[in-house]
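One structure is given below, encoded as structure tokens.
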Amino acid sequence: MINYKPIEKMHVSEQGSVVLKVENIDTHEICALKLVGQLSNKLNRLIFKREIGALRALNQFNDIVKIYDSSDTLIYNQKCDYGAILLEFVDGQSLDRIDFSSYSDLEKIVICKNIAKAILHAHQCGVLHRDIKPSNIMLVDGISKVKVIDFGNSKLKTVVDEETTKWVYSTGYVAPEVAQGQEATEKSDIYSLGAVFYYIFFAAPPANVGCLSENLNSFAIIPAVQSLLMQMLSEKVEERFDDVQQIVEILDEVIGCLNANNSTFWFTVDTEKLTSLKRQFTVESIMTFSQFLSTYLVNEFSTMYGIYNSKYDLYEFVGNELYMSCLYKKDIRAFSVIKLYSIPIDKRTKLQRIFGIIEGKKCFSGFGFPISGKNDSNRLEVQLRNYDNERQTLESKNNLFEELFGKWRQSILEEFEKLKEKSIQVSYTDHWFDGNRIYLSIDNIQGVDIDDLSPEIKFVFDTPENPKERCIPIGSFEDVVFEDDKTILILTLERGITSGKLWPFLKIKKTIIEDYRRKSVALRRQLSAIKALKSEEYNSPGLKDIILELSAPTMTHSITSLHYFNKNLNDSQRQAVIKAMDSNSISLIQGPPGTGKTSVISEIVQQILSKSSPSDIPPKILVVSQSNTAVDNILEGIFSWNSGEKIRVVRIGDKTKVSKDVATNYLVDAIKDKLFENVHNLSTQFVKDKLAVYTVLESDDQRIQESKISNLTVWRKAEEIQEDWLKRCGDYNALRYQIINSSAIIAGTCVGFLSDENVRDMIFDYVIVDEAAKATTPELLVSIVKANKIVLVGDQNQLPPFADGSLSQLSTSLVKDPQYRLFDILFDSLPETHKQFLSTQYRMCSTIGNLISTVFYDGKIITGINDEDRKHGVPDFEGFSIVWIDTSKLKRHDSQKEAGGSSYNLTEVGIVRTLLEKMNSQSNAKDLDVGIITAYRAQKEALLKVYKNGDYKAIGNIDINTLDAFQGRENDIIIYSTVRTNGSIGFQREKERINVAFSRAKCLLIVCGDIDFFETWSDGENKYVDVINYIRNNSRTCKIMDAREVIQ
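In my numbering, the protein residues as written are 222 to 1269.
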């Protein structure tokens, strides 16, 4: 179903394309719909493909019409196969409909400059417009804004089309060489741009370029503009400007000169100001008041900077040496000087950086004297007030930014310093070299057990005092040997490092340290991302303002209703997909446990890819997550519908941390090896076949033999060349670049995806972040500053981001505070049109699902599976889905602490042992899938010891781990050991942890612990009270069981 209704037909092009003004049926938003058809015609399809490609590349610029959506299957006038491009509706006039005779030269030049900037943006993105003419340029909001439209004839320089076509050019605006059949270039666009400028000034295109000089001389036109047009419209391509940037700079200069000459500002001064300057010895004592006004002040303020001080309602100005503050007198339309004095050069320079430059003629009159002649002082007053408003808005925005991101920046810098302190440090008593090795007689080693040194560890001299080279590389760990009571460290020197370079540090026995820079790479990337957001170096429209809640994100519905690839998506999942696709910048999906967020991500990816036809360049999608497991889960979902590898997918990451299937199918090296093997086999077989064809046979006559021998010589030479090429191609870095650059989907962890240098400069059409609530704010920024559109998927009610308190206490406090967590901030601030809560869970039986829904999600989650499919198969708990085994009645059940501070509870360990023994003896034990979770490392170790020492082989699967390691996993049966029985419940007071622990269970949740202690603990928020109340209130399927029953 189409989501827009036509209002009027706005334009029909010479090629037959139709532009309609349309209205969204639901939101009533007005857009433009361009119809190109029918696409069965190769020329139409090429025009359609080119325009979409160009507009997508340029969607970041406000001076080029924005594309919202496209479709290649629209029906129009009862004909199918039409291409449709949904565009922003530009409410303005095209240049060919404007009478420029009433415009001043300054206004015309400002329009020309704005058009040039738009074409410059296109060229910077590799797009040639190839049809620049007045009807393809819209003027909006007076002269301040232009929009370049109609990129149907455009061409992306990086794209080679399969079809070759000669487009229809516009007479009068096309460059001469293009009209003669040559290829279009930036310089042909520059010619067309010059022809548009000519039209703006003279209401017609240049009729005869050969007589251009005569034509221009016959008009009264500014010499600089005349010279500009002569060069832009030169018949000789080499005489034109090299790029549009030069044209923009020239027009900027002309505008500056015209502003200076066209504006006159008046200031009134009394005689006391001259007297005061004489007392300060700033001016000569013989200077008259007339000289002071007409010469001295005019020269002094020939270069003037100004600002409006809203606090005191004053206008402040700085000249070459003087400072003056003024009141504005509306009755005489002049600035009245109340202070005028000389200021030091350092203060003057500082003020000049803050103040705005004032272009125009400055006139000074005595106080009370009449002002006559041209007077634009009122315009300057408004200009200064506007500048102050802009400055205050920017200052307010910067303050908001610093409030949120300043602390994150500070925490990262703290981590930098701590990394250095925690790095391995080696002091030594002696050293010597042998070839490319250095031997160090160790005096002391800190930060690592000597047995844990590995070849991956590199050592450096830390030289913070040297700004050019803060670290001097030494080498990598090779070995440790023990000789004559000495411990000798052997390092392999870095390439290019000589004993001479190291000698200044070795002679003073400067401590060598582990190269902390490798560990700090992630921190540097996060700092860079914060900097990029602050300086607005990103592509997603208004991202900074959206995050700071200064503006709301926008949305545009698709041309037609979505066709879902996964027919089993529920309503909330479908809404999530729609909102992600319709958002023009950012959308957020909250996915509670078991609600199928991976399925939603997979559907969104398919929807994005479906927007491009097989012959198009597919959109670039970056998929990241905080954990490698989550990334691999998404890719495995994609593999289910992309098994034929129609869409190229690349996984960035360490092979040892990636699942086996993903590593085999998606790691760059694996793809490269497959590609190389395929090329190797095909080319080798091809050459082999050719050699066989030209092998001389006894039955061949002499003529054939001679021909074959000649060809055989050629193909044996070809075989040598092929073998050499294959050898060089085997580790050819360009092949890696081509694989990554041609991939539609690139996946990795939130920061780790940048580990491949080929990805670092990429901009992505979409960035999808899974587990977004588990990433710190700076970690999220690393990926989203590279996006045109952003989809964040996560759940702020599950485990929060991790921060290493030993590196930064500040970061630990920030990850616990929702005011500094980006996912939480956006969840609270984004409108409903840009966020979706997934409300149906498919993991847990209804009893466990309702517990999670009631305690953690205000009852918003429903269960989407049948309880008959969630039978746990444990006879002792038949009919119950939640069981709390209460240890409070046991005499000896207290928790204890090990030396490291972690807690354990041997009573609960014993109960878990008993439960496992009973399950192991069941006839259906092989069908049981058990997860054992605890919040404490010491308890995990104790449970693992029981498992290793016992015989539970009959049970199908047993997982034992801390709850932090369980997010994203699930088991039929979960046994949760609470451990604590006195003092505090510790970090189990964090509701996110309880949610994760309990929501891992699909069929049966067993909680083992002191129910009295957890129910009565009241020093802070305690979600266990709600959990216990739920169990008590649902006695039909929930049970509190005395631990003595289990032990007996």
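Glycine included, C-beta positions come from ideal geometry on N, C-alpha and C.
- For Met525, the beta-bridge partners assigned by DSSP are Ile579.
- Sequence-distant Cβ neighbours of Gly373 in its own chain, meaning closer than 6 Å and more than five residues away, are Ile268, Glu272.
- DSSP links Asp700 through a beta bridge to Ile711.
- Excluding sequence positions up to five before and after Gly817, its CB lies within less than 7 Å of the CB of Gln794, Leu1059, Tyr1063, all in the same chain and listed in chain order.
- At a Cβ-Cβ threshold of 8 Å, Pro840 and Ile829 count as neighbours.
- The Cβ atoms of Val257 and Gly304 sit closer than 8 Å to each other.
- For Pro227, the enclosing beta strand (DSSP E) starts and ends at 225-233.
- Between Ser315 and Thr248, the alpha-carbon positions lie close to 27 Å from each other.
- Buried is the label assigned to Pro999, since at least 16 other Cβ atoms lie within 10 Å of its Cβ.
- Secondary structure at Arg658: strand, using DSSP grouped into helix, strand and coil.
- Excluding sequence positions up to five before and after Gly577, its CB lies within less than 7 Å of the CB of Tyr526, Gly527, Ile528, Tyr608, all in the same chain and listed in chain order.
- Counting along the chain, Arg1158 sits inside the alpha helix (DSSP H) bounded by residues 1158-1170.
- Put simply, the stretch 785-793 does not touch the stretch 1178-1198. Fewer than three CB pairs are less than 8 Å apart.
- When only Cα atoms are considered, Ala416 and Gly393 end up about 8 Å apart.
- If the five residues before and after Phe462 are omitted, its C-beta is found closer than 8 Å to the C-beta atoms of Lys408, Ile411, Gln452, Met453, Ile468, all from its own chain and listed in chain order.
- For Asn1018, there is no enclosing alpha helix (DSSP H), as DSSP marks it with neither H nor E.
- For secondary structure counted as the beta strand (DSSP E) over 3 or more consecutive residues, the stretch 298-323 holds these complete runs in sequence order: 300-309.
- If one requires a minimum length of 4 residues, no alpha helix (DSSP H) run lies completely within the stretch 602-627.
- Collapsing the DSSP output to three states places Cys333 in a helix.
- Taken through DSSP and simplified to helix, strand or coil, Pro1052 comes out as coil.
- Asp1038 has its alpha-carbon roughly 47 Å from the corresponding atom of Leu723.
- Counted as a single uninterrupted DSSP element, the beta strand (DSSP E) harbouring Met1262 occupies residues 1259-1263.
- According to DSSP, Gln1117 shares a beta bridge with Tyr1125.
- Shortest Cα-Cα distance from Ser557 to any of Asp491, Gly717, Thr503, Arg600 involves Asp491.
- In this structure, the beta-carbon distance from Ile1215 to Ile1195 does not fall below 8 Å.
- DSSP, reduced to helix, strand and coil, places Tyr759 outside both helices and strands of the structure shown, so it counts as coil.
- Leu518 sits away from Phe422, with the two beta carbons spaced by 8 Å or more.
- In this structure, DSSP gives His1093 a state outside helix and strand, which the three-state scheme calls coil.
- Cβ atoms of Ile711 and Asp700 come within 8 Å of each other, at about 5 Å.
- Secondary structure of Arg1214 (DSSP, three-state): helix.
- Nearest to Thr916 by C-alpha distance, out of His232, Ile575, Ser928, is Ser928.
- Beta-bridge pairing by DSSP links Trp487 to Cys584.
- Rounded to the nearest whole angstrom, the C-alpha separation of Val286 and Ile336 is 13 Å.
- Where Lys368 is concerned, the enclosing beta strand (DSSP E) starts and stops at 366-369.
- Judged by beta-carbon spacing, Asp651 lies within the 8 Å limit of Ser662, meaning their Cβ atoms are closer than that value.
- The DSSP-derived three-state label of Tyr536 is strand.
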